[in-house]
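Letter 21 of the sequence shown, counting from 1, is numbered 29 in the working numbering, and no numbers are missing.
Glycine included, C-beta positions come from ideal geometry on N, C-alpha and C.
Quick caveat, the model's predicted, so the values are computed rather than measured.
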Amino acid sequence: LNLQFGLVPQVPAQVSLSQQTSLNIAKQALTDHFATGTGPGTYGLAFTQYRPATLNSSVLWNVRFSEPASFAWEILTTLGVLGTLAFLLIMGSIYYLGFRWFVKAHGAPHCVLGLGVFSALCVLGVAAFLSELNATLLIGGLLLLVLFFSFLAHDWPQVFFDRKLFLKVSTEPSSRLSAILFASIAL
């Protein structure tokens, strides 16, 4: 059913890169910047530098894409192999904690609800790698992550609340340099 009224503006079609083109751009970026990638938030620049010549003869000759077909290609292009491995390590540790929690909390009254939150978090993580990361996926993922960690904190309070951190002020030049580097990275 295609009803068009004069009061409703026409929405332009959304155009995105194909998975193969995104993979080719990631491969070319990794040949030049293997370890660190092109830098966070620089996929638009990487696209401009490594865009395939076949796009010049298509109707998309003047379109500059700022994101690839999936979040996995963006991480690989902009963060390189080291950043991708770090991201996979963080995601793997979250999944490991989830499976470990489910095995230990099996039979608890809130286990079914926690399993639902954890499985939704897993599906959202896979969806983020297979499609573009948008605000809906990001906010939904963060909310599910907070809910998941609330289940973990409820069942494992010794892990989350009983940790004591002792910070010692040091006057060594190496610790001053570390503080300056940390502050510059944080800013």
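Check whether residue i and residue j have beta carbons under 9 Å apart
i	j	result
residue 51	residue 74	yes
residue 79	residue 151	no
residue 37	residue 84	yes
residue 81	residue 31	yes
residue 122	residue 132	no
residue 153	residue 102	yes
Beta-carbon contacts of residue i that lie in its chain and below 7 Å, excluding the five residues immediately before and after
i	result
residue 25	73, 76, 77
residue 139	78
residue 23	68, 71
residue 63	69
Neighbourhood of residue i by C-beta distance below 6 Å, restricted to the same chain and skipping five residues each side
i	result
residue 87	45
residue 160	109
residue 34	81, 84, 85
residue 173	The predicted model places residue 173 with a pLDDT of 49, which falls under 50 and marks its position as unreliable; any figure quoted below should be read in that light. Counting only Cβ-Cβ distances below 6 Å, and skipping sequence neighbours, we find nothing.
residue 113	119, 163
Residue span of the alpha helix (DSSP H) that contains residue i, given as start and end
i	result
residue 88	79-112
residue 143	143-163
residue 134	119-138
residue 30	27-40
residue 53	51-58
C-beta neighbour in chain C for residue i, strict 9 Å
i	result
residue 120	As a matter of chain content, chain C is missing from the structure shown, which is built from one protein chain.
Among the options, nearest to residue i - alpha-carbon criterion
i	options	result
residue 156	49, 134, 71, 118	118
residue 48	92, 21, 71	92
residue 59	28, 42, 22	28
residue 130	116, 18, 107	107
residue 95	18, 40, 136	136
residue 158	125, 100, 61	125
residue 100	115, 42, 134, 21	134
Residue i beta carbon near the ligand SAH (any heavy atom closer than 8 Å)
i	result
residue 103	Absence of the ligand SAH from the depicted structure is noted, as is the absence of any ligand whatsoever, leaving it without description.
Contact set for residue i: own chain, Cβ-Cβ below 8 Å, skip 5 residues either direction
i	result
residue 42	88, 89
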